[in-house]
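In UniProt numbering, the protein residues as written are 1 to 81.
1. Fully enclosed by the segment 28-60, which alpha helix (DSSP H) runs are 4 residues long or longer?
2. Looking only at C-alpha atoms, which of 66, 6, 48 sits nearest to residue 23?
3. Going straight from the alpha carbon of residue 65 to that of residue 50, what length do you get?
4. How big is the Cα-Cα spacing for residue 2 and residue 52?
5. Helix, strand or coil: which one does DSSP assign to residue 21?
6. Out of 63, 13, 54, point me to the one whose CA is closest to residue 30's CA.
7. Could you give the residue range of the alpha helix (DSSP H) that holds residue 74?
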């Protein structure tokens, strides 16, 4: 299990103790994006953007997610398997 997958499991295990704030949503979105769960990550980013649409950092991070998604979905090695 990679570092991101381990971080995601720890985050999900401790999520009930954490307040479901925008920061927690952003962290969860980033970790899900890094583990390749782009659908969940995209949903979390949209929820965070809806609550604070004037935050330029959120748009920047959403753009990074979309670039990662694009790179991984067009990876020729991944398409071979």
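Heads up, the beta-carbon is just placed ideally off N, CA and C, and yes, glycines get one too.
Everything numeric in this text was worked out from a predicted model, so none of it was measured.
In brief:
1. 38-51
2. 48
3. 17 Å
4. 32 Å
5. coil
6. 63
7. Per DSSP, residue 74 belongs to no alpha helix (DSSP H) and is neither H nor E.
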